[in-house]
Amino acid sequence: MSTFFDTAGKSFSDVPVDASKDNAIDTTQFLEAAESLTKLFDVLGSAAFKPVKSDMTGNIAKIRTRQTEAPTESETLQDLVRNELKTKKHTATEGLVWLVRGLDFTAQALRRNVSSTDEELSVSFRDAYGNTLKPHHSMFIKPIFSAAMSATPYRKDFYAKLGDDQAKVNQQLSDWLSGLEKDIGILNEFLARKEAKW
914 MSTFFDTAGK
924 SFSDVPVDAS
934 KDNAIDTTQF
944 LEAAESLTKL
954 FDVLGSAAFK
964 PVKSDMTGNI
974 AKIRTRQTEA
984 PTESETLQDL
994 VRNELKTKKH
1004 TATEGLVWLV
1014 RGLDFTAQAL
1024 RRNVSSTDEE
1034 LSVSFRDAYG
1044 NTLKPHHSMF
1054 IKPIFSAAMS
1064 ATPYRKDFYA
1074 KLGDDQAKVN
1084 QQLSDWLSGL
1094 EKDIGILNEF
1104 LARKEAKW
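Residues 914 to 1111 (our numbering) make up the sequence shown, in order.
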């Protein structure tokens, strides 16, 4: 019995982090995992999540464009940011800031939902939105995202779509979230540094 995680592609738990180089995160593998995560919004199934997915895929594209332009300077996300900022540009760096916010939103929503087994997704997602993206969104964007939070499927329907074997789904989701949370923690710490500012 395959699950969403068996077919989604790269998991954040498989993205290499080089602790000997200040927790450097491999750019290519991180972007592959982020692309896999965007497929989760298809499982959520609502058209209201299209802007969320579109926002993330747009930011992935900005980072990948920079990586393609300067591959040897972009092997890790941290190097990509440092080297892009040296050129007085910040398109990919800004893309990474917004991508991490979107990933953090998703991670917080799902972690809360996994931990609160009787809570509906709409509650978990609305709470996570308030903690992560909402403070950075304009008054024009907030209603679009708020609509998405209200359009989440029922909890039981969402988890059923992730796979028939719920024990396997729960284990894979937990591993996937742990990898995602680790990367978010590393990147938030790095992006808060002076060297990552423009």
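Positions of the beta carbon are idealized from the N, C-alpha and C atoms, including for glycine.
The beta carbons of T1065 and R1014 sit about 19 angstroms from each other, so the pair does not count as a contact at 8 angstroms.
A937 carries a strand assignment under DSSP once its states are collapsed to helix, strand and coil.
Secondary structure in the stretch 950-1027: the alpha helix (DSSP H) runs of 4 residues or longer, each lying completely within the stretch, are 953-957, 963-982, 990-999 in chain order. The Cβ atoms of E948 and T920 do not sit closer than 9 angstroms to each other. Partner residues in a beta bridge of V928, as assigned by DSSP, do not exist. Contact annotation: the stretch 984-1001 does not touch the stretch 1027-1035, with fewer than three C-beta pairs closer than 8 angstroms. Contact between the stretch 926-939 and the stretch 981-991 is present: 3 or more CB-CB pairs across the two stretches fall below 8 angstroms. In the assembly as shown, T981 is an exposed residue. Its beta-carbon has fewer than 16 other beta-carbons within 10 Å. With respect to the C-alpha of K1047, the residue from S933, F1071, K975, F1018 having the closest C-alpha is F1018. Beyond the five residues adjoining it in sequence on each side, Y1067 comes within less than 8 angstroms, by CB distance, of E1033, L1034 in the same chain, given in chain order. Residue environment for T985: exposed (fewer than 16 other C-beta atoms within 10 angstroms of its C-beta). Counting of Cβ neighbours within 10 angstroms places M1052 among the exposed residues, the total staying below 16.
In this structure, the CA atom of W1011 is about 15 angstroms from the CA atom of K1055. Just measuring C-alpha positions, the residue of A1080, W1089, V956, A1005 sitting nearest I976 is A1005. Taken atom to atom, the span from the alpha-carbon of A1022 to that of K934 is near 30 angstroms. Rounded to whole angstroms, the separation of the alpha carbons of M1062 and A961 is 8 angstroms. Apart from the 5 residues on each side of it in sequence, A1041 sits with its Cβ closer than 6 angstroms to the Cβ of F1018, Q1021, A1022 in its chain, given in chain order.
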